[in-house]
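One structure below.
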Amino acid sequence: MNKSLFVLSLLALSLHLQAAPMWSELDAQTQTDLVKLADRWDALPDERREKLLAGLARWRMMDEAAKVAAREKLHTWQQLPNEDRARLRERFKVFSQLDADKQAKLRELHQRFRGLPPQRRAEFMRRFEALPKDQRQDLFQRFKDRRHGDSTRHNSSPPKSDQGATPKPPSHDLKPPRPPRPEGHGGQDQPARKPRH
32 MNKSLFVLSL LALSLHLQAA PMWSELDAQT QTDLVKLADR WDALPDERRE
82 KLLAGLARWR MMDEAAKVAA REKLHTWQQL PNEDRARLRE RFKVFSQLDA
132 DKQAKLRELH QRFRGLPPQR RAEFMRRFEA LPKDQRQDLF QRFKDRRHGD
182 STRHNSSPPK SDQGATPKPP SHDLKPPRPP RPEGHGGQDQ PARKPRH
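Here it is as structure tokens:
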């Protein structure tokens with residue numbers, strides 16, 4: 032029993048330690064698809080070569096519409112300034128470290144926002160950008176605190192710069208509207224129903 036477990040462990044380790052293929056080991060079609068990398072392929076780290084091969088496999092499985100969308104995203108990415116790319120990489124790194132539930136919630140919020148009519152999205156962005164810098168920073172800080180589970184940092188009193196000023200409506204109206212609840216779904220918005228006997 033122990034001997035077979037040891038052999039299986041060695042086999043798993045050897046599979047993990049196998050190097051990604053060298054350029055000369057790639058089939059002709061793969062070399063054609065990756066021709067721009069021919070002169071530096073063998074110098075790339077194994078992990079990078081494996082990721083490139085996995086990406087190529089996904090690319091080959093895409094239909095034409097998905098390929099067009101991917102090309103557009105790549106073009107948009109390439110047009111971004113280096114600072115924006117670095118900022119987006121950092122955001123992705125933070126996102127990838129979130130647990131699956133938080134990632135799913137953020138994806139849902141993003142999809143809800145993207146599902147709004149363009150005029151409504153533009154209105155949200157215009158209103159956000161019209162906020163004073165300190166209020167925008169406060170919203171970002173609240174988001175960070177909520178993301179890290181720190182809900183005690185902010186209280187309900189307005190910022191000191193707003194003392195004595197006319198109260199502004201709460202910033203919750205910047206959130207996209209909730210989708211309608213399914214018919215018969217019990218929730219806080221509906222009166223409690225009596226159980227049937």
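In my numbering, the protein residues as written are 32 to 228.
Where a beta carbon is used, it is the ideal one built from N, C-alpha and C, also for glycine.
It should be emphasised that the depicted structure is a prediction, and the values quoted were computed from it without experimental measurement.
Which word fits residue i, buried or exposed, when buried means at least 16 other C-beta atoms lie within 10 angstroms of its C-beta?
i, result
"Leu137", "exposed"
"Trp108", "exposed"
"Trp90", "exposed"
"Leu57", "buried"
"Pro190", "Per-residue confidence for Pro190 stands at a pLDDT of 45, beneath the threshold of 50, marking its modelled position as unreliable; the derived number appears in the next sentence. With fewer than 16 other Cβ atoms within 10 Å, it is exposed."
I think residue i touches residue j, with their Cβ atoms under 8 angstroms apart; what is that distance to the nearest whole Å?
i, j, result
"Arg152", "Phe144", "6 angstroms"
"Ala51", "Glu81", "5 angstroms"
"Ala69", "Gln62", "7 angstroms"
"Gln134", "Phe126", "7 angstroms"
"Met93", "Ala101", "7 angstroms"
Can you give me the Cβ contacts of residue i inside the same chain, cut-off strictly under 7 angstroms, excluding the 5 residues immediately before and after it?
i, result
"Val66", "none"
"Asp73", "Met53, Trp54"
"Pro112", "none"
Check residue i in the structure and name its three-state DSSP category.
i, result
"Ala96", "helix"
"Pro134", "First, the amino acid is wrong: residue 134 is Gln here, not Pro. Note: Gln134 maps to helix in three-state DSSP."
"Ala51", "coil"
"Ala85", "helix"
"Lys199", "Confidence at Lys199 is low in this model, with a pLDDT of 49, below 50, so its placement is unreliable and no value can be given for it."
"Pro163", "coil"
"Asp169", "helix"
"Ala69", "coil"
"Pro76", "coil"
"Gln128", "coil"
"Leu119", "helix"
"Asp176", "helix"
"Asp64", "helix"
"Leu105", "helix"
"Leu140", "helix"
Beta-carbon within less than 8 angstroms of residue i's beta-carbon, same chain only, minus the 5 sequence neighbours each way: which residues are those?
i, result
"Gln132", "The sequence shown places Asp at residue 132, not Gln. Excluding residues within five positions, none has a Cβ falling inside 8 angstroms."
"Leu87", "Thr61, Asp64, Leu65"
"Arg116", "Trp108"
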